[in-house]
Every structure is written in structure tokens, then in C-alpha cells.
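Peer 1: Chains A and B, in that order, give the protein sequences. Taking this note's numbering as reference, the numbering of the first sequence is continuous, increasing by one, and the terminal residue is 817. Taking this note's numbering as reference, the numbering of the second sequence is continuous, increasing by one, and the terminal residue is 714.
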Amino acid sequence: MLVRTRSRFVMLIRTKISGDASVILTTARSPDADCVPAIEIMQQQTIILTICLSSILFVSAAVFADENEFFEKKIRPVLVERCFKCHSEQADKVKGGLLLDSRDASRRGGDSGAAVVPGDLDASLLLSALRYESFEMPPDGKLPDAVIAAFETWIKQGAHDPRDAPTGEAAAAEINWEEARRFWAFQLPTLHALPIDVSVETIRRPLDAFVVSRLNDSKLTPNPEASRNVLIRRVTFDLIGLPPTPEEVKSFVEDKAPDAFERLVERLLASPQYGERWSRTWLDLARYAEDQAHIVGNNTALCYPNAYLYRDWVINAFNKDLPYDQFVRQQLAADLVNPDDKASHIALGFIGLGPKYYRRSDIEVMAEEWEDRVDTVARGLLGLTIACARCHDHKYDPIPTEDYYSLAGIFASTEMFNRPLDAQREREKDGRAKKAEDAVHIVRDTKLQDLNVFIRGDVKKKGQVAKRRFPRILCSTESLSLAFEKGSGRLELADSIATRDNSLTARVIVNRVWGQLFGEPIVGTPSNFGSLGERPTHPDLLDDLSVRFMNSGWSLKWLQREIVLSATYRQSSDIDSAKQDIDPANRLLWRMNRRRLSVEAWRDALLSVGDRLAFQLGGPSIDPQAPDERRRTAYSRISRLELDAMLALFDFPDPNVHSPKRNETTTPLQKLFVLNSPFMVRQAEAFARRVTEAEASDTDRISLAYKIALGRSPSADEREIGLTFLDGCDEAEEETRWVQYAQIVLASNEMFMLD
Amino acid sequence: MLNRRQMLQQAGAGFGMVGLAGALNYLQAGEALPSIPHFTPKAKRVIFLFMNGAPSHVDTFDPKPALAKHEGAQPSGELYRKNTGSGFMPSPFKFRAHGESGVVMSELLPNLAAHADDLCVLRSMHTNVPNHEPGLLVMNSGNQQPVRPSLGSWCSYGLGTENENLPGYVVLCPGLPVVGPQLWSSSFLPGEHQGMSVDTNDMHVDKLVANLKHPNLTRAQQQRQLEFLSKLNRLHRDKRQGEAELDAQIRAMELAFNMQREASEAFDVRREPAHIHDMYGQTPFGQSCLLARRLCENGVRFLQVYYVTKTGKQPWDTHSENNKKHRELCADSDRATAALLTDLKARGMLEDTLVIWGGEFGRTPYAQNNKNKDYSKAGRDHHHTGFSMFMAGGGTRGGLMYGNTDEFGMNAVENRVHVHDLHATILHLMGIDHKRLTYRYSGRDFRLTDVYGEVVRGIVS
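(1) Taking any Cβ of chain B, which residues in the stretch 641-671 of chain A have a Cβ under 7 angstroms from it, in chain order?
(2) Curious, which full-length alpha helix (DSSP H) runs of at least 4 residues does the stretch 414-476 of chain A contain?
(3) Are the CB atoms of Ser565 (chain A) and Tyr458 (chain A) nearer to each other than 8 angstroms?
(4) By DSSP, does Leu293 (chain A) sit in helix, in strand, or in coil?
(5) For Glu812 (chain A), go through chain B and note every residue whose CB falls closer than 7 angstroms to its CB, in chain order.
(6) So, does the CB of Pro730 (chain A) fall closer than 8 angstroms to a CB anywhere in chain B?
(7) Just how far apart, CA to CA, sit Arg674 (chain A) and Tyr697 (chain A)?
(8) When burial is assigned at 16 or more other CB atoms within 10 Å of the CB, is Leu183 (chain A) buried or exposed?
(9) Verify the CB distance criterion: does Gln540 (chain B) have a CB-CB separation below 8 angstroms to chain A?
(10) Measuring only the C-alpha atoms, how far is Gly639 (chain B) from His379 (chain B)?
(11) Excluding sequence positions up to five away, which residues of its chain have a Cβ less than 7 angstroms from the Cβ of Gly773 (chain A)?
(12) Spatial neighbours of Gln249 (chain A) within its chain, please: C-beta separation below 8 angstroms, excluding the five flanking residues on both sides.
(13) Note down the Cα distance separating His446 (chain B) from Asp596 (chain B), rounded to an integer number of angstroms.
(14) Could you check whether Gly303 (chain A) and Ala369 (chain A) sit closer than 8 angstroms to each other, using their CB atoms as the reference points?
(15) Going by C-alpha distance, which of A:Phe787, A:Phe814, A:Glu812 is nearest Gln475 (chain B)?
(16) Could you check whether Leu442 (chain B) and Ser394 (chain B) sit closer than 8 angstroms to each other, using their CB atoms as the reference points?
(17) With respect to the beta strand (DSSP E) encompassing Gly615 (chain B), which residues constitute its N-terminal and C-terminal limits?
(18) Any Cβ of chain B within less than 8 angstroms of the Cβ of Leu737 (chain A)?
(19) What residue range does the alpha helix (DSSP H) around Ala771 (chain A) cover?
(20) Which residues in chain A have a C-beta closer than 8 angstroms to the C-beta of Val462 (chain B)? List them in chain order.
(21) By the DSSP assignment, the beta strand (DSSP E) with Trp610 (chain B) in it spans what residues?
(22) Are the C-beta atoms of Gln535 (chain B) and some chain A residue less than 8 angstroms apart?
(23) Return the residues of the stretch 470-487 of chain B that lie within a Cβ-Cβ distance of less than 9 angstroms from chain A, sorted by chain order.
(24) For Ala355 (chain A), which of A:Phe213, A:Leu415, A:Leu331 has the nearest alpha-carbon?
(25) At the level of alpha carbons, what is the spacing between Tyr466 (chain A) and Phe516 (chain A)?
(26) Report the three-state DSSP secondary structure of Lys723 (chain A) (helix, strand or coil).
(27) Here's a check: name, in chain order, each residue in its chain whose Cβ is nearer than 6 angstroms to the Cβ of Ala560 (chain A), leaving out the five neighbours to either side.
(28) Whole angstroms is fine: what's the gap from Val427 (chain A)'s alpha carbon to Gly411 (chain B)'s?
(29) If I measure Cβ to Cβ from Gly171 (chain A) and keep anything under 7 angstroms in the same chain, skipping five residues before and after, which residues do I get?
(30) Does the beta-carbon of Pro598 (chain A) have 16 or more other beta-carbons within 10 angstroms, so that it is buried, or is it exposed?
(31) Which residues in chain A sit within 9 angstroms of Glu496 (chain B), going by Cβ to Cβ distance?
(32) With 16 other CB atoms within 10 Å as the buried threshold, where does Tyr560 (chain B) fall?
(33) Mind checking if Gln502 (chain B) is an interface residue toward chain A, Cβ cutoff 8 angstroms exclusive?
(34) Beta-carbon separation of Pro402 (chain B) and Ser438 (chain B) under 8 angstroms?
(35) Since Asn305 (chain B) and Lys566 (chain B) should fall inside the 8 angstroms C-beta cutoff, what is the C-beta to C-beta distance between them, to a whole number of angstroms?
(36) To which residues of the same chain is Glu667 (chain B) closer than 7 angstroms at the C-beta, ignoring the five residues directly before and after it?
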């Protein structure tokens with residue numbers, strides 16, 4: 063629920079504290095950084111000082127008049143005058159990590175512990191410091207006894223402090239961890255009993271039971287299975303990102319064996335093209351790119367000319383079905399897992415190809431880079447927006463700022479490393495390759511450091527030290543959140559993520575794979591499983607599938623097989639208006655979603671139907687728009703500075719940041735590309751040549767064109783319309799009429815839609 | 254009950270079945286909803302000049318002498334962003350009243366000053382949050398959570414297009430602003446109401462609208478081809494009843510074909526004489542404003558020009574060097590915006606063209622990054638509880654300063670205008686009752702202003 067701001071009445075209050083200068087005091091406020099796309103308004107609390115302007119304010123102040131008055135008269139002026147110089151956000155340098163300008167900060171205390179513990183004189187370091195018993199504060203002279211006595215009274219009576227709400231920046235102290243862990247995403251997933259009898263005909267796999275059960279609750283039934291032609295086209299695009307060939311379609315449609323679909327799926331999962339297709343799903347979330355958003359002059363020293371080695375590692379990892387837990391461990395810490403297996407270190411490109419910003423000697427710039435690493439890991443692998451906690455405690459999830467810096471410290475202890483490709487390459491003293499062209503772009507540990515919390519994200523305002531360790535909410539109890547002690551902590555980080563003990567890791571990847579195969583994930587916000595994210599439409603299904611995924615050795619191929627063999631996946635995408643009335647967005651999965659092809663699958667399909675697709679795996683990147691380029695779109699050069707115009711036009715994500723899922727736009731500019739681009743014309747020519755060389759009559763050619771491009775035979779109408787078009791071309795067009803025809807088939811909606 | 258458009262869609266009139274002439278009929282589905290306008294419109298089209306990053310109100314349209322008097326003092330009250338510098342920072346820029354009406358603006362806007370009597374300055378704007386992403390979403394879609402239909406999409410949906418050969422809603426931006434296509438999303442409205450974003454990094458018409466012409470085929474050949482395509486697509490769609498996306502794809506294709514006829518002219522700013530180019534300024538924003546005028550003239554209903562540069566997605570976000578940057582940004586924006594007003598007026602179009610100028614929020618009256626009171630380095634932070642925008646033409650009252658912030662420019666206090674109110678007013682000027690422009694989706698009626706928004710009657714002429 064959004065809190066309306068309309069009625070908010072805000073005021074400025076001028077107060078006199080001491081002396082004669084009219085000073086306007088500040089309240090502690092709840093900061094906002096620009097990281098949460100959906101911010102709700104926080105309830106704000108105003109503080110009321112000596113009021114001289116507005117009578118309206120007394121209403122809310124009246125309740126606490128006495129305690130407030132004591133604080134305002136006896137405590138606050140002393141804090142402001144004698145402490146704030148070193149212990150407030152206005153301080154040039156905050157001493158001892160201690161802030162006294164808000165209630166929460168003073169209760170949390172600084173490096174040495176809590177400054178104010180209500181009711182406990184002995185535990186309140188502030189008091190012993192004022193008494194010159196522990197610290198000697200203020201350092202320039204002990205305060206009068208009466209003032210110290212006032213502080214004693216104040217603390218003894220509960221240290222009433224009206225300055226801010228118990229939310230905001232010191233939420234760390236306020237998080238009720240036990241309660242926070244009850245949130246669904248922080249509970250470990252478990253197996254679930256199937257909610258309905260599995261002998262039901264519409265159930266092929268356990269997941270179907272969960273889907274059908276929810277459908278039944280809404281008086282819905284699943285659609286019948288799609289036709290063979292539709293199925294093979296769907297599953298071939300889904301698993302290898304290409305259309306089936308006419309021969310493949312024919313053999314599947316005619317295969318009467320009961321396991322025909324199973325065998326088809328096995329063939330596809332074993333195809334080398336599988337890794338090419340699935341690599342892109344990973345590279346989107348890894349914000350894979352080969353250069354930087356800012357390139358000064360011709361200085362490409364910060365770019366990644368051999369980034370493709372990492373892309374190829376990802377393709378290969380998918381193809382050999384590297385278990386997902388190992389897949390993650392290697393990308394975070396291959397150098398620490400297997401120091402001697404240099405080839406495996408290429409996996410570190412996950413971190414090592416991150417954006418590098420200009421002026422890297424500056425700590426402010428590095429703080430931005432650390433945020434990129436934290437964000438990519440946190441949203442990408444954990445589905446948590448931990449980077450939101452860089453400037454303030456997370457507003458909605460139990461992630462204190464300290465936990466952000468605990469992760470950032472790991473990356474502050476890690477450096478980007480251009481490791482020479484081989485011994486022949488020139489290197490600097492520190493082992494780096496002299497030229498980026500001669501290197502693989504990975505990371506390595508560097509000078510180890512725990513970062514201080516940067517108060518409000520300001521690198522000049524250092525708060526307490528945040529030991530490198532895992533976010534507390536993801537540790538089964540707080541005490542398990544042990545400091546990472548091996549090197550930078552990357553290996554421990556990897557181990558804390560790639561484990562069954564992590565409630566998010568398996569769910570997040572299972573949800574992403576589901577989203578790829580159904581068009582909509584179970585959790586609609588695949589990179590935000592926090593409280594502002596969406597809740598799963600099928601929580602038990604997600605949990606059950608996640609556990610079974612882990613039980614199956616974290617095998618992604620197992621997961622994809624499990625999903626595509628389900629009856630839910632095999633449903634037709636037909637719209638039944640009665641069902642649509644009940645569930646217009648198909649959240650309950652009474653049908654397969656009709657989907658659009660990604661730009662990769664669409665371009666690859668165009669190449670494929672012209673029989674021009676090159677099947678070579680791996681290698682340097684290509685220009686996807688070049689009319690004569692025959693390699694798959696997964697090999698496109700990906701630029702942070704200037705993303706390829708065709709990719710950008712068809713909703714390829716911005717590689718500067720992690721992409722949770724792709725946008726889908728429909729614009730006439732896309733259609734102009736389809737109608738007129740040299741790339742399309744070239745594909746049409748190739749397609750026309752293929753069809754005209756294979757068949758003699760227009761009728762046969764039309765049939766073949768449909769089989770190649772759309773995996774089915776044309777209907778009588780379609781054949782007729784086609785013949786009419788071809789016949790209507792005049793003699794001068796003899797050469798081009800088939801090219802014209804071919805282009806229209808390629809431009810048709812069916813060409814980029816999956817039923 | 255079906256409205257007329259739905260009937261047209263379901264009856265399947267048009268393109269393909271009856272040839273290309275039919276296509277044009279079909280596109281007339283892009284006319285206004287049958288009930289609209291709800292009353293006589295004052296504006297036919299909108300040009301929204303969006304100062305990405307949020308301009309400072311106290312340096313442009315909202316003079317606050319108290320900032321000098323209380324220089325360095327800390328603000329109090331409900332604050333979202335505590336000052337990390339040294340308190341209130343006076344604007345170094347001189348303010349003066351202009352025109353017969355006496356509309357006040359700073360010396361940063363000398364050209365707009367000449368239009369003082371046409372400007373309707375809203376000094377009491379406020380929005381929900383001081384963060385760019387949600388702020389941009391609120392200003393563009395009325396909702397801080399993605400994704401809802403944008404203001405431009407609602408206008409296009411309600412009013413249809415004036416020219417079936419061009420999109421009804423065009424977004425001009427060098428690259429993409431922060432947030433990106435969500436800002437002009439049609440969301441659950443039919444896809445043809447999505448803004449068409451054009452990358453204005455290169456103003457050559459073949460770069461603005463790439464692939465406008467087939468390399469080999471004549472228009473007649475392509476026309477036959479398109480008829481054929483449309484027949485295929487309709488056969489495909491008819492077997493997939495209820496799939497709204499397929500209609501949107503079909504219409505995007507029709508529009509693309511039709512655009513070939515006019516876009517090369519409408520998008521070509523090189524056809525403008527040199528003195529017009531000079532008047533707008535040879536900057537990306539200036540040239541984009543000029544392009545916006547051309548497109549308006551050619552019947553584009555809703556234009557948005559994002560002030561974004563190739564190196565900065567939110568140049569107005571002056572967290573440091575506020576004064577220097579505002580001087581530079583205003584110089585560019587002032588010249589181009591004033592030229593647009595002059596130009597529209599000269600063509601008799603200002604009367605029914607609503608021009609809107611502003612950002613997602615304003616900037617703090619107090620300083621940020623202000624070490625040692627060095628105002629040359631100091632910035633201003635995001636500020637959403639009081640800021641300024643202006644409107645001109647399109648039935649707004651010129652020469653008006655509407656609403657007020659408090660003496661420091663911290664909070665809108667008098668005649669407060671929330672973004673929902675702004676949206677209600679924009680729709681009102683377009684002849685639409687914001688409470689009656691609804692779309693049923695997922696079981697409930699949605700509208701741009703949700704359950705909020707009041708038309709700001711005081712600014713309607």
C-alpha cells in the first residue's frame with residue numbers, strides 16, 4: 063500500500079540552542095539511494111525542537127512532553143555542542159565509528175560497542191566516557207558533574223530519545239532475525255507431497271501435480287497436449303535455440319513410439335547447439351561485455367579483447383552439464399578451488415569482465431566497481447538486492463549496510479587481472495600482461511582488507527569495520543555468520559552460495575530456467591526474491607523442484623528435462639476464452655504461453671532456413687548485422703559503449719548491469735528492419751535459392767518453404783495466397799519474385815512466435 | 254459491452270482482407286475512443302521536454318532570498334536526504350520579473366524570459382520519492398512501480414492518431430535515459446500505443462529511422478508484398494484468437510510500411526533553413542526540439558524529448574558543481590525551448606500544442622558536497638517535496654505563477670500540485686476526463702491517475 067504524500071505537512075522550525083545565532087537543526091532522516099526501483103514512502107518522523115512557528119506541531123508532541131523536554135533541555139544541547147563535532151554526520155571525520163546524532167546510531171554505538179543502553183548505566187559507554195572512566199570525552203575537558211548526572215538520569219530512565227523512528231539506518235540493531243528468517247525465501251526449500259493423485263491423466267511429472275492442483279482450485283483444467291509439429295518446434299527452440307529441420311519434424315511426427323518425445327529431448331540436450339543457446343541466458347545476468355561504457359580517446363586498455371574465452375567457457379560448461387554448484391564456485395573462485403588448473407580460471411570472467419570505470423585509483427570509483435560485483439553476485443545468484451544497502455540499511459529486506467560492506471570487502475580484496483595467455487606474452491613486474499590483447503581477463507586476490515562501512519555511501523565518512531563474511535540473513539543462525547578468513551574470502555563466498563544450506567541459490571536458478579521455458583517465471587521478479595519482489599505463483603512446486611534439482615546433482619540438463627517432459631510444458635497455447643476470463647494472465651498455467659523468440663533465436667532461425675548457419679563452436683566475436691555473417695547470434699560482439707543497433711532494437715539488454723529478464727517491445731522500427739535491412743534481404747535471397755534449387759514448381763516450393771521455415775505444411779489458403787502473389791509478379795520479376803516471397807515468410811509473425 | 258475499437262478489432266476489418274486501402278481503414282482503429290473527447294479539447298498534441306536528472310527549482314523558477322539570509326543553516330522538518338554539506342545554499346543567479354505578467358525567472362533563462370507571458374509556471378509541484386527510477390516512473394506513468402502505461406500511451410489510446418503514417422507517440426533521446434523503455438511502455442494497453450523511441454545521437458534521417466527504404470524493390474512491389482504478408486499474418490492470427498500481441502505486431506508492420514512514405518521527410522531536420530537551426534541551437538537537445546516540432550506538425554500526438562547526453566544519462570543531476578552545470582544546461586535548454594515556443598507560435602500551433610518543461614523532481618535548497626563553502630564545487634541533491642515545472646500553450650494560462658513553496662523552497666505549501674494532478678490536468682487539456690479514461694485489465698479498471706488526481710483548474714485558460 064502506498065502512503066500518500068499529499069497530506070504531508072512539513073515545516074521548518076527555527077530554534078535557539080545557545081547563544082544568539084538562529085540555527086536550524088536537522089533531523090536524522092531516512093536516506094534513499096537510487097537503487098530500489100520500487101520505493102514506498104517511509105513514514106517520516108519529525109523532531110520538534112523549541113517551537114516558535116507552528117502550533118500544529120504540539121498535537122503530536124504532547125504525548126511525550128515531559129520526556130521530550132528533558133531530552134531537549136538537558137541532553138540534546140550537550141550532544142550538539144560537545145559531541146557532534148566528531149560524532150555526527152556533519153563531522154569531517156567520524157571518530158571511532160560512533161554517531162550520536164540519531165537514536166539508533168547512539169544505541170548501536172561505534173567500534174567499541176553500544177554508547178547508550180537504556181536503563182543500563184554500566185553498559186553505556188557514553189556514560190563511562192563522560193566520567194573519564196573508559197574513554198575521556200570530550201577530550202578537551204570533563205563536563206560539569208551536573209551534566210554527567212543528567213546523562214545518568216536520562217539513561218536510567220530509559221534514555222528516551224525522540225530523534226528518529228526505530229527503522230532507518232540503524233535497523234541492524236532492530237532486525238528481529240528470527241522473525242526475518244520466517245520470510246518464505248529465507249526458509250530452506252523442502253520436498254512436498256504431491257497435492258493430487260498422480261494417476262490423473264494430465265500428470266506426467268511431479269510438477270504437473272502442483273500445477274493441476276492449483277488449476278482445480280480455480281475450477282480450471284489444463285489445455286490438451288499441443289500437436290507434434292508445435293511440440294518439436296517449441297522444444298527445439300527452447301533447448302537449442304534453432305528451428306527443427308524438415309527431416310527432424312517428419313521423423314518426430316511419424317514416430318509412433320511412446321518415448322518419441324523423450325528421445326527428441328535427449329537428442330537436443332546432447333546437441334552442441336544447446337550450450338550456445340543457454341549461454342546467453344547466463345551472460346545476460348552476468349552483464350557480459352567486451353569493453354567499457356566510457357572509453358577515453360583511443361585508450362582501450364580497460365577493454366576485454368579476449369572476453370570471448372569466458373563466453374566459450376560458459377557454452378562449454380552448459381554443454382558438459384557442469385553441475386550448477388560447481389558452475390558457480392568456478393566463476394567466483396576457480397583460482398582458489400584449483401590453483402593449478404589454469405584453464406578453469408577463465409570462469410573468473412564472471413567477475414573479471416565487470417565494468418571498469420575511469421579513474422580507478424580513486425576510492426570513490428572503486429566503490430562503484432565493488433557495487434557492480436556485489437550486485438551481479440547478489441541479484442544474479444541469490445535474487446537479493448543487496449546493493450541497495452550500500453548507503454543505508456535495506457528498507458525492505460533484512461540486510462544491514464554492514465552486510466553490504468562485508469561482501470564489498472571481498473571484492474575490495476580481489477583485483478581485476480589480465481593474466482597473460484601464455485609464457486611468450488610480455489608481462490609487467492606484477493605478472494600482468496602488458497597488453498590486454500595478450501591476456502585472459504580474470505581476477506586474483508590482492509591486498510586483503512575489511513572495509514569500513516561508508517556512511518551513506520560516502521567514502522570519506524567511515525563507520526565501523528565490516529568483516530568479510532556472508533549476509534547474516536542467509537546464515538542459519540547469526541552466529542554462523544563467521545568471518546571469511548581464507549584470502550579474499552571468494553572461496554568461502556562461493557561455498558556459502560553453492561550449497562544446499564542456502565535457501566536461495568537453487569530456487570533462483572530453477573526459477574530462471576522455468577522462466578526461459580515458460581516465458582514467465584514462478585517468481586515474477588527473478589532477481590528479487592525479497593519482500594518487494596513478487597511471491598511465487600506455485601511455491602510448493604518451486605521448492606519441490608529446487609530440492610529435486612539439488613538431489614540430481616545440480617544438473618541443469620536434469621532440470622530442463624524435468625520441465626519439458628511435463629504435461630504442463632506440453633500443453634497447447636490455445637486461448638480458451640472461458641479460462642481466460644478466470645485467469646487472464648495465465649498465472650496458473652492452464653495453457654502454454656505463446657512466446658516471442660529472442661533476437662538470438664530469431665536471427666539464428668533466419669540463418670538456418672537459408673541453410674547458411676555455421677555450426678563452428680566458440681571463437682572471437684562477430685558483427686551480427688553483417689549480411690554475410692553466418693555464425694550464431696550468441697557470438698555477437700557485446701559492447702557497453704555502443705550496443706549493436708540490431709540487438710538493441712530487438713530488446714537485447716544493456717550489458718552495463720545485470721539484467722533480470724528481457725523487455726519486450728513492439729515498434730515500427732523493428733518492422734522497418736524486417737522489411738528493408740540489407741541483412742534481411744540477404745537471408746531472403748539465401749532462403750529463396752534453397753527452395754528454388756530444391757523444387758521445380760511453385761506449389762512444391764511453397765510447401766518446402768513452409769516446412770523449412772515454420773516446421774509444417776502450408777494450408778490450402780496459404781498455398782493459394784502464395785501462388786496468387788507469385789503469379790502476380792510480372793515477367794521482369796522472374797529473378798526476384800521468389801526472393802520477395804521468401805522475405806515475406808521470414809517477415810511473418812509466425813516466424814518469430816512460438817505456439 | 255464492446256467499444257467501437259474492440260468491435261473493429263474483432264470484426265477484423267481491414268488490411269489484407271480488402272487490400273491496402275483496407276489497411277488504412279483498419280488503422281482508423283487508431284482514432285479516438287468513441288466517447289472521447291469528453292469535452293472540447295484545448296490541446297491537440299503535447300511536447301514534453303524532460304530535463305533528465307531533475308533541474309534545480311531555486312536556480313530557475315523559484316527565487317528564495319531566504320537562502321541567502323540563512324545561508325549555511327540546516328533545514329529541518331521532514332527531510333529525505335540529510336545535507337552532508339553546510340546547509341542552505343543561496344542561488345547565485347539573479348531573478349527578475351518579465352513580461353507584462355511579471356513571471357519571475359532567473360538570469361539563466363534569458364530567452365524564455367521573452368516568453369514570460371506565455372508561461373504557466375507551476376511552483377508547487379511535488380512527487381512521491383526523491384529517487385530517479387521511481388521518480389521517472391511516477392512522472393511518466395503515475396506509478397512508481399514498473400510497469401504501467403505511460404502518459405503518452407494513455408493519450409494515444411484515448412485520442413488515436415492524427416496521421417496514420419506516423420506513430421502517435423514518439424520519444425526522442427540520444428541513447429536511452431535511466432529506466433529506459435519502461436518510461437514509454439504501453440504496458441497492458443494495446444501495443445501500438447507504445448512510444449517509438451528514436452536514438453537522436455545521429456540526426457541524419459537514415460540513422461534516426463534506419464532501413465526506411467528497401468534496397469531493391471519499388472514501392473509498388475513492396476505494396477504487393479505487404480498485402481501478401483498481411484494476409485498471412487491474419488490467417489495466423491485468426492487461428493490464435495485472443496492473442497492481443499499479434500494485433501500489435503500486425504499494426505506495427507502496417508505502420509512501418511506507411512512510415513516509409515512520410516518519415517523520411519518528417520524526420521529530416523536538414524530540410525529546415527539555417528536560421529531555424531541556429532535559433533534552436535546546434536546541440537543534440539536543440540536539434541531534438543526542432544525535430545519534435547516537425548513531427549508535431551506532421552500529426553504526431555505525443556512527443557517526448559529527453560535531455561540526455563551521450564556521456565550522461567541524467568545531466569541535470571547536479572550533485573556537484575550545481576551552479577556551473579546549471580549555467581551550461583540552462584543555456585542549451587533555454588535557447589532550444591524558447592525557440593520551440595517562438596516557432597510554434599509563428600506557425601499558429603502554440604494555441605493547441607501543450608509544451609511541458611521539467612524533470613522528475615527538483616533539487617535541494619541546501620548544498621551537497623560543499624567543503625569549505627566552496628560554492629563552485631557544491632552540488633544540490635534530489636528534492637521531491639517542492640519543485641517547479643512549466644507549461645505553455647495548449648489552453649494553459651500564460652503569464653501565471655501557480656502555487657508556492659515555503660520561504661526556503663523546501664516544500665510546496667500553497668496550491669500544491671502532485672504529479673497525479675499534473676497528469677489529470679494534461680488529460681483535461683486534451684479533452685479527457687482522467688477519471689473516465691480507463692482500461693480493464695486483469696479484472697479491474699486501471700487509469701493513469703489511479704484513485705488520485707485533481708484537475709488544476711487555476712491554470713486552465
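From the three backbone atoms N, C-alpha and C, an ideal C-beta is built for every residue, glycine too.
Peer 2: With the given structure in hand:
(1) Here the close residues are Gln642, Pro646, Ala647, Arg656.
(2) The stretch 414-476 of chain A is shown to contain whole alpha helix (DSSP H) runs of 4 or more residues at 425-439, 463-474, in chain order.
(3) Taking C-beta atoms as the reference points, Ser565 (chain A) and Tyr458 (chain A) fail to come closer than 8 angstroms.
(4) Residue state for Leu293 (chain A) is assigned as helix, using DSSP reduced to three classes.
(5) Simply His489.
(6) Yes, contact with chain B.
(7) So the two alpha carbons sit approximately 15 angstroms from each other.
(8) So Leu183 (chain A) ends up on the exposed side.
(9) So no, Gln540 (chain B) is outside the interface.
(10) About 5 angstroms.
(11) Counting only Cβ-Cβ distances below 7 angstroms, and skipping sequence neighbours, we find Asn291, Ile294, Arg295, Pro305, Pro306, Val311.
(12) Excluding positions up to five away in sequence, the list reads Arg243, Ser565.
(13) His446 (chain B) and Asp596 (chain B): Cα-Cα distance of roughly 27 angstroms.
(14) At a Cβ-Cβ threshold of 8 angstroms, Ala369 (chain A) and Gly303 (chain A) do not count as neighbours.
(15) By alpha-carbon distance to Gln475 (chain B), the top candidate from A:Phe787, A:Phe814, A:Glu812 is A:Phe787.
(16) Taking a C-beta distance under 8 angstroms as the contact criterion, Ser394 (chain B) and Leu442 (chain B) do not qualify as a contact pair.
(17) Counting along the chain, the beta strand (DSSP E) containing Gly615 (chain B) begins and ends at 615-621.
(18) Flagged as an interface residue toward chain B: Leu737 (chain A), by a C-beta distance shorter than 8 angstroms.
(19) Annotation: the continuous alpha helix (DSSP H) that includes Ala771 (chain A) extends over 760-772.
(20) Neighbours of Val462 (chain B) on chain A, chain order: Leu731, Leu734.
(21) Here the beta strand (DSSP E) through Trp610 (chain B) covers 606-611.
(22) No, no contact with chain A.
(23) For the stretch 470-487 of chain B, which is checked against every Cβ of chain A, the residues closer than 9 angstroms are Leu470, Gln474, Gln475, Arg477, Gln478, Leu479, Glu480, Phe481, Leu482, Lys484, Leu485, Asn486.
(24) Of A:Phe213, A:Leu415, A:Leu331, the residue nearest in Cα terms is A:Leu415.
(25) Rounded to whole angstroms, Tyr466 (chain A) to Phe516 (chain A) spans 10 angstroms at the Cα level.
(26) Judged by DSSP in its simplified three-state form, Lys723 (chain A) adopts coil rather than helix or strand.
(27) Excluding sequence neighbours, Ala560 (chain A) sits near Asp387, Val390, Arg391.
(28) Val427 (chain A) and Gly411 (chain B) have their C-alpha atoms some 47 angstroms from each other.
(29) The answer, listed in chain order, is Leu160, Ala177, Leu187.
(30) With 16 or more other Cβ atoms inside 10 Å of its own Cβ, Pro598 (chain A) counts as buried.
(31) Residues of chain A passing the Cβ test: Ser635, Ile637, Arg656, Met815.
(32) It counts as buried.
(33) By this cut-off, Gln502 (chain B) is an interface position.
(34) In this structure, Pro402 (chain B) sits near Ser438 (chain B), with a CB-CB distance shorter than 8 angstroms.
(35) About 7 angstroms separates the beta carbons of Asn305 (chain B) and Lys566 (chain B), which is inside the 8 angstroms limit, making them a contact pair.
(36) The beta carbon of Glu667 (chain B) sits closer than 7 angstroms to the beta carbons of Ser377, Gly656, Asn657 from its chain, once the five residues preceding and following it are set aside; these are given in chain order.
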